[in-house]
Amino acid sequence: ANLSEDKKKRLREIDAKLAKLKLTFGENVLAETNKYQLHLTIESDLDGLPEGAKEAAAQLATSKGKEDGWLITLDYPSYIPFMKYAKNRALRKELSL
93 ANLSEDKKKR
103 LREIDAKLAK
113 LKLTFGENVL
123 AETNKYQLHL
133 TIESDLDGLP
143 EGAKEAAAQL
153 ATSKGKEDGW
163 LITLDYPSYI
173 PFMKYAKNRA
183 LRKELSL
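Per our numbering, the sequence shown starts with residue 93, numbered consecutively.
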């Protein structure tokens, strides 16, 4: 760039700060994504889901220490089938927010 040395230095400082903020933002998004869990205990909340998706949600709940029900997370293998097949619009909306 056709900048003075002072402005080049300032641009490098801004670029470095932006890179750090982008990394922090990405880490925060990932942490919140991994933390979110929708624990369902009413089987009718799963209406529309294929049996394989229901079984996976039940196994996930068990693996996360839940004594009953099904667990839906924002991880792709859990999220996509629920958003695509679940008949419960309110739960799909909750998961999308």
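Virtual Cβ for every residue (Gly too), placed ideally from N, Cα, C.
- Message: Applying the 10 Å Cβ sphere with the 16-neighbour rule, what's the burial state of Thr165?
- Response: buried
- Query: Where do the ends of the alpha helix (DSSP H) carrying Ile106 lie?
  - Reply: 97-127
- Alpha-carbon to alpha-carbon, Val121 and Phe174: 21 Å
- Below 8 Å, can you find three or more Cβ-Cβ pairs linking the segment 101-108 to the segment 134-144? no
- Item | C-alpha gap between Asn80 and Asp167, whole angstroms | The question about residue 80 has no answer here: the residues shown for the chain are numbered 93 through 189.
- When we look at the beta-carbon of Ala153 and count the other beta-carbons within 10 Å, is it buried (16 or more) or exposed? buried
- Outcome for Ala149 when other beta-carbon atoms lying within 10 angstroms are tallied against a minimum of 16: buried
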